Amino acid sequence: MEISKKVAKEQLEKLLDYYDYEYKDLDDMSKKYADKILKSIMKGRVEVSDTGEIKHFLKYPLGNNKDIKELTYGHMKGIHKQEMDEYGADSHNAKGQALMGALCGRGLSIIEELEGPDLSVVENLGILLLGL
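Numbering-wise, the sequence shown is residues 2 to 133 according to my numbering.
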(Lines of atoms letter the chains of each structure in order from A and count residues from 1; the text may use other names and numbers.)
(Lines give C-alpha, C1' and ligand atoms only; values in the text may rest on other atoms or scores of the structure.)
Protein backbone atom coordinates (compact mmCIF):
# COMPACT_ATOMS: atom_id res chain seq x y z
CA MET A 1 0.00 0.00 0.00
CA GLU A 2 1.57 3.25 -1.14
CA ILE A 3 0.95 6.47 0.81
CA SER A 4 1.14 9.89 -0.85
CA LYS A 5 4.08 12.08 0.06
CA LYS A 6 1.69 14.70 1.46
CA VAL A 7 0.03 12.22 3.84
CA ALA A 8 3.42 10.74 4.76
CA LYS A 9 4.76 14.21 5.64
CA GLU A 10 1.73 14.80 7.86
CA GLN A 11 2.47 11.56 9.72
CA LEU A 12 6.14 12.44 10.14
CA GLU A 13 5.08 15.87 11.44
CA LYS A 14 2.88 14.15 14.07
CA LEU A 15 5.89 12.22 15.31
CA LEU A 16 8.09 15.31 15.43
CA ASP A 17 5.29 17.39 17.00
CA TYR A 18 4.97 14.93 19.87
CA TYR A 19 8.62 15.56 20.74
CA ASP A 20 8.15 19.32 20.16
CA TYR A 21 10.29 19.48 17.02
CA GLU A 22 9.77 20.72 13.50
CA TYR A 23 11.56 19.23 10.51
CA LYS A 24 13.22 22.56 9.69
CA ASP A 25 14.83 22.63 13.14
CA LEU A 26 16.47 19.19 12.87
CA ASP A 27 20.22 18.92 12.37
CA ASP A 28 21.47 17.44 9.09
CA MET A 29 21.92 13.92 10.50
CA SER A 30 18.41 13.87 11.97
CA LYS A 31 16.96 15.16 8.68
CA LYS A 32 18.68 12.28 6.88
CA TYR A 33 16.94 9.74 9.14
CA ALA A 34 13.63 11.62 9.05
CA ASP A 35 13.75 11.43 5.24
CA LYS A 36 14.33 7.66 5.43
CA ILE A 37 11.36 7.32 7.77
CA LEU A 38 9.29 9.40 5.36
CA LYS A 39 10.06 6.84 2.64
CA SER A 40 9.04 4.00 4.97
CA ILE A 41 5.76 5.78 5.69
CA MET A 42 5.17 6.21 1.94
CA LYS A 43 5.75 2.46 1.44
CA GLY A 44 3.14 1.69 4.10
CA ARG A 45 5.71 0.15 6.44
CA VAL A 46 5.38 2.81 9.17
CA GLU A 47 2.31 4.60 10.47
CA VAL A 48 2.23 7.36 13.07
CA SER A 49 -0.93 7.81 15.13
CA ASP A 50 -2.40 11.17 16.12
CA THR A 51 -0.76 10.70 19.52
CA GLY A 52 2.70 10.04 18.08
CA GLU A 53 2.77 6.27 18.59
CA ILE A 54 4.49 4.40 15.78
CA LYS A 55 3.26 1.21 14.11
CA HIS A 56 5.86 -0.77 12.19
CA PHE A 57 4.38 -3.26 9.73
CA LEU A 58 6.94 -6.02 9.28
CA LYS A 59 7.85 -7.25 5.82
CA TYR A 60 9.17 -10.45 7.40
CA PRO A 61 6.88 -11.54 10.27
CA LEU A 62 8.47 -12.93 13.42
CA GLY A 63 7.71 -15.68 15.90
CA ASN A 64 7.54 -19.44 15.64
CA ASN A 65 4.36 -19.22 13.60
CA LYS A 66 5.33 -15.96 11.89
CA ASP A 67 2.38 -14.40 13.68
CA ILE A 68 4.10 -11.18 14.78
CA LYS A 69 3.32 -8.93 11.83
CA GLU A 70 3.71 -5.52 13.43
CA LEU A 71 5.41 -3.79 16.32
CA THR A 72 4.02 -0.73 18.09
CA TYR A 73 6.46 1.72 19.62
CA GLY A 74 5.13 3.86 22.47
CA HIS A 75 6.30 7.22 23.69
CA MET A 76 9.86 7.61 24.89
CA LYS A 77 10.31 8.00 28.64
CA GLY A 78 13.35 8.19 30.88
CA ILE A 79 13.19 4.47 31.65
CA HIS A 80 13.52 3.71 27.94
CA LYS A 81 16.68 5.78 27.61
CA GLN A 82 18.23 3.82 30.48
CA GLU A 83 18.21 0.77 28.19
CA MET A 84 21.07 2.44 26.29
CA ASP A 85 23.38 3.09 29.24
CA GLU A 86 25.65 0.13 28.53
CA TYR A 87 26.53 1.28 25.01
CA GLY A 88 29.34 3.68 24.10
CA ALA A 89 28.77 7.14 22.68
CA ASP A 90 29.51 6.00 19.11
CA SER A 91 27.26 2.91 19.20
CA HIS A 92 24.35 4.60 17.44
CA ASN A 93 22.78 1.46 15.95
CA ALA A 94 23.06 -0.51 19.20
CA LYS A 95 21.57 2.37 21.18
CA GLY A 96 18.78 2.82 18.65
CA GLN A 97 17.96 -0.89 18.68
CA ALA A 98 17.93 -0.99 22.49
CA LEU A 99 15.66 2.06 22.57
CA MET A 100 13.21 0.63 20.04
CA GLY A 101 13.12 -2.72 21.86
CA ALA A 102 12.21 -0.86 25.04
CA LEU A 103 9.60 1.29 23.28
CA CYS A 104 7.79 -1.75 21.86
CA GLY A 105 7.82 -3.44 25.26
CA ARG A 106 9.44 -6.61 23.93
CA GLY A 107 13.05 -5.75 24.62
CA LEU A 108 16.15 -6.01 22.50
CA SER A 109 15.61 -9.72 21.79
CA ILE A 110 12.71 -9.01 19.40
CA ILE A 111 14.77 -6.37 17.57
CA GLU A 112 17.66 -8.82 17.20
CA GLU A 113 15.31 -11.11 15.21
CA LEU A 114 14.53 -8.44 12.60
CA GLU A 115 16.16 -8.68 9.21
CA GLY A 116 16.76 -6.57 6.14
CA PRO A 117 14.30 -3.73 5.63
CA ASP A 118 12.60 -4.31 8.99
CA LEU A 119 15.90 -3.80 10.78
CA SER A 120 16.60 -0.69 8.69
CA VAL A 121 13.29 0.85 9.75
CA VAL A 122 14.10 0.23 13.42
CA GLU A 123 17.60 1.68 13.09
CA ASN A 124 16.31 4.79 11.29
CA LEU A 125 13.60 5.36 13.91
CA GLY A 126 15.99 4.71 16.78
CA ILE A 127 18.68 7.06 15.55
CA LEU A 128 16.13 9.80 14.82
CA LEU A 129 14.54 9.48 18.27
CA LEU A 130 17.96 9.52 19.94
CA GLY A 131 18.61 12.88 18.29
CA LEU A 132 15.39 14.49 19.53
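Backbone N, C-alpha and C define an ideal beta-carbon position, used for all residues, glycine too.
Computed from a predicted model, the values in this text were never measured in an experiment.
Check the DSSP bridge columns for residue i and list the partner residues they point to.
i   : result
L63 : I69
I42 : According to DSSP, which records beta bridges pairwise, I42 is partnered with nothing at all.
H57 : V47, L72
Taking the straight line between their C-alpha atoms, what separation do you get for residue i and residue j?
i    : j   : result
D21  : D51 : 14 angstroms
L109 : V8  : 31 angstroms
Suppose the cutoff is 6 angstroms on Cβ atoms and the five residues either side in sequence are ignored; what does the same chain contact list for residue i look like?
i    : result
E114 : L63
By Cβ distance, which residues of its chain are closer than 7 angstroms to residue i, with the 5 residues on each side in sequence left out?
i    : result
I128 : Y34, H93, G97
Below 8 angstroms CB to CB, which residues in the same chain sit around residue i once its five sequence neighbours on both sides are set aside?
i   : result
K6  : L39, M43
I69 : L59, P62, L63, I111
Taking Cβ to Cβ, would you say residue i is nearer than 8 angstroms to residue j?
i   : j    : result
V49 : Q83  : no
S55 : L126 : Going by the sequence as given, residue 55 is Ile instead of Ser. It is a contact, given that the beta carbons lie within the stated cut-off.
Would you mind giving the Cβ-Cβ distance between residue i and residue j, rounded to the nearest angstrom? I have them listed as a contact below 8 angstroms.
i   : j    : result
L41 : V122 : It should be noted that the sequence gives Ser, not Leu, for residue 41. At roughly 5 angstroms, the Cβ-Cβ gap stays under 8 angstroms, so S41 and V122 are in contact.
At a threshold of 7 angstroms, does residue i count as lining the ligand NAD (C-beta to nearest heavy atom)?
i   : result
L17 : Among the ligands in the structure shown, none appear at all, so the ligand NAD cannot be discussed.
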